[in-house]
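S.K.: Its first residue numbered 1, the sequence shown is counted upward by one per residue in the UniProt record's numbering.
Ideal Cβ positions, reconstructed from N, Cα and C, are used throughout, including at glycine.
Can you read through this structure? Questions will come right after.
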Amino acid sequence: MTGLRRRRLGVSGPEVSIIGLGAMGMSDLYGPADEAESRATLHAAIDAGVNLIDTADFYGSGHNELLIGQVLRERRRDEVVLSVKFGARRTPDGGFQAAPYDVSAAAVKDRLAYSLRRLGTDHIDIYRPSRLNPQVPIEETVGALLDMQQAGYIRHIGLSEVSADSIRRAAAVAPISDVQIEYSLLSRGPEATILPALRELGIGLTAYGVLSRGLLSGHWSADRELTGTDFRANSPRFQGEHLAANLRLVDALGRVAQRLGATTSQVATAWVAAQGEQIVPLVGARRRDRLTESLAAVDLMLDQDALDEIERAVPAGAASGQRYATAMMAALDSEK
């Protein structure tokens, strides 16, 4: 596994492993996690050749950065390409503030300062706003990021969940390495306008939610109980008839996976990677066994017959329910 293939994130971005690791679930939003196992999983990922680690300053209200910082102290810094998001604001009880995302020029510098300290590093490889604030022009946010890049505190500028128009406006201010957005067999929205814009501008895409928050893992069951700390308890795709319909799609994908001699999650991940050389899937493994399963997807080569079969099993637009609750969907520039 140490020979994981690499892909470059756009024409200006870093070279990263063909699969990255999203660390959110090790601290937040997916229910309890085992911290020792999380650290072991981060080490195992780096040992396997995964160099792209994605986090955010608001994952666990800073806990995720502290966790990764512990691991970084035991590794060489150049083994890891750190991708960090900022902008969301938390409350002491673990909730999220309803106020718009804080992505002003002043917030860029302030949030970056805290992230550098928690991570124990003098630079972040890719720094990005997690969402846009309609009251703050994207040019202001990207301009401040460019200042921090020129000062040496960040290496590359990224974006997250933005529309094609916003991507073009941002790229007119500074080179953009990649856009992070949910992209999976159940979330095909980026294909309409966002992916074409990225290809035109030479910008990469880091795809989160490639297993649709676990739905496409092949391990989900209709009777699984979700705790109050698991945001999927309020996610439309995990509710009632939506869940039943989505699990039927997963069953169909599972039959394709069986024919290919792979697991459902491996096929779902390999499908995302097969959509273009500028696309890097982020897997959210919290345990070493799930990481091992996910990384095997890099060896799964999908020919056109396999891709056609997957498309028949899970056609574009077949997902039942929105990917976020209505209020959260309204905050997504990428959905406009």
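Three-state secondary structure (DSSP) at E277?
M.R.: The residue you call residue 277 lines up with position 277 of the sequence shown. DSSP places E277 in coil when its eight states are reduced to three.
S.K.: Can you list, in chain order, the residues of its chain with a C-beta nearer than 6 Å to that of A105? Leave out the 5 residues immediately preceding and following it.
M.R.: Stepping through the sequence shown from its first residue, residue 105 is reached at position 105. The answer, listed in chain order, is E140, A144.
S.K.: Could you check if P32 is buried or exposed, using at least 16 other CB atoms within 10 Å of its CB as the buried criterion?
M.R.: Within the sequence shown, the letter at position 32 stands for residue 32. Label assigned to P32: exposed.
S.K.: Of the residues V256, I53, R8, which one's Cα is nearest the Cα of A313?
M.R.: Numbered from its first residue, the sequence shown carries residue 313 at position 313. Checked all of V256, I53, R8; the closest Cα to A313 is V256.
S.K.: In or out: R118 buried (at least 16 other Cβ within 10 Å) or exposed?
M.R.: Position 118 of the sequence shown, counted from the start, is the residue given in the question as residue 118. It is buried - the Cβ of R118 has at least 16 other Cβ atoms within 10 Å.
S.K.: Going by DSSP in three states, Y183 sits in which element: helix, strand or coil?
M.R.: Along the sequence shown, one-based indexing puts residue 183 at 183. Reduced to three states, the DSSP call for Y183 is coil.
S.K.: Counting Cβ pairs closer than 8 Å, one from the region 29-44 and one from the region 268-282, do we hit at least three?
M.R.: The region 29-44 vs the region 268-282: no contact.
S.K.: Indicate whether the contact test is met: 3 or more Cβ pairs, each with one atom in the region 206-216 and one in the region 168-185, closer than 8 Å.
M.R.: With a cut-off of 8 Å, the region 168-185 and the region 206-216 count as touching, because enough Cβ pairs lie within range.
S.K.: Following the continuous beta strand (DSSP E) through V108, name the residue where it begins and the one where it ends.
M.R.: Here residue 108 refers to the residue found at position 108 when the sequence shown is read from its first residue. No beta strand (DSSP E) contains V108, which is instead part of the alpha helix (DSSP H) from 105-119.
S.K.: Distance check for R111 and A331, CA to CA, integer angstroms please.
M.R.: Stepping through the sequence shown from its first residue, residue 331 is reached at position 331. Stepping through the sequence shown from its first residue, residue 111 is reached at position 111. For A331 and R111, the distance between alpha carbons rounds to 21 Å.
S.K.: Could you tell me how far apart the beta carbons of A275 and A296 are, in whole angstroms, since I believe they sit closer than 8 Å?
M.R.: Position 275 of the sequence shown, counted from the first residue, corresponds to residue 275. Position 296 of the sequence shown, counted from the first residue, corresponds to residue 296. The amino acid at residue 275 is misidentified as Ala; the sequence shows Gln. Between A296 and Q275 the Cβ distance is about 19 Å, and since that is not below 8 Å, they are no contact.
S.K.: Residue ranges of each beta strand (DSSP E) run of no fewer than 3 residues wholly in the region 189-235, ordered along the chain?
M.R.: You should have 204-208.
S.K.: Can at least three beta-carbon pairs, one atom from the region 235-250 and one from the region 150-167, be found at a separation below 8 Å?
M.R.: Taking 8 Å as the limit for Cβ pairs, the verdict is that the region 150-167 does not touch the region 235-250.
S.K.: Within 10 angstroms of its Cβ, does E74 collect 16 or more other Cβ (buried), or is it exposed?
M.R.: Your numbering for residue 74 matches position 74 in the sequence shown. Classification for E74: exposed.
S.K.: If you follow the beta strand (DSSP E) that R155 is part of, which residue opens it and which one closes it?
M.R.: Mapped onto the sequence shown, residue 155 falls at position 155. First-last of the beta strand (DSSP E) with R155: 154-160.
S.K.: For a quick check, are the C-beta atoms of S130 and A56 less than 8 Å apart?
M.R.: Working through the sequence shown from its first residue, we reach residue 130 at position 130. Working through the sequence shown from its first residue, we reach residue 56 at position 56. Against a cut-off of 8 Å, the Cβ pair of A56 and S130 comes out as a contact.
S.K.: Apply the 10 Å Cβ neighbour rule to V71 and answer buried if 16 or more other Cβ atoms are within range, or exposed otherwise.
M.R.: As a working note, residue 71 is residue 71 in the sequence shown. V71 should be labelled buried.
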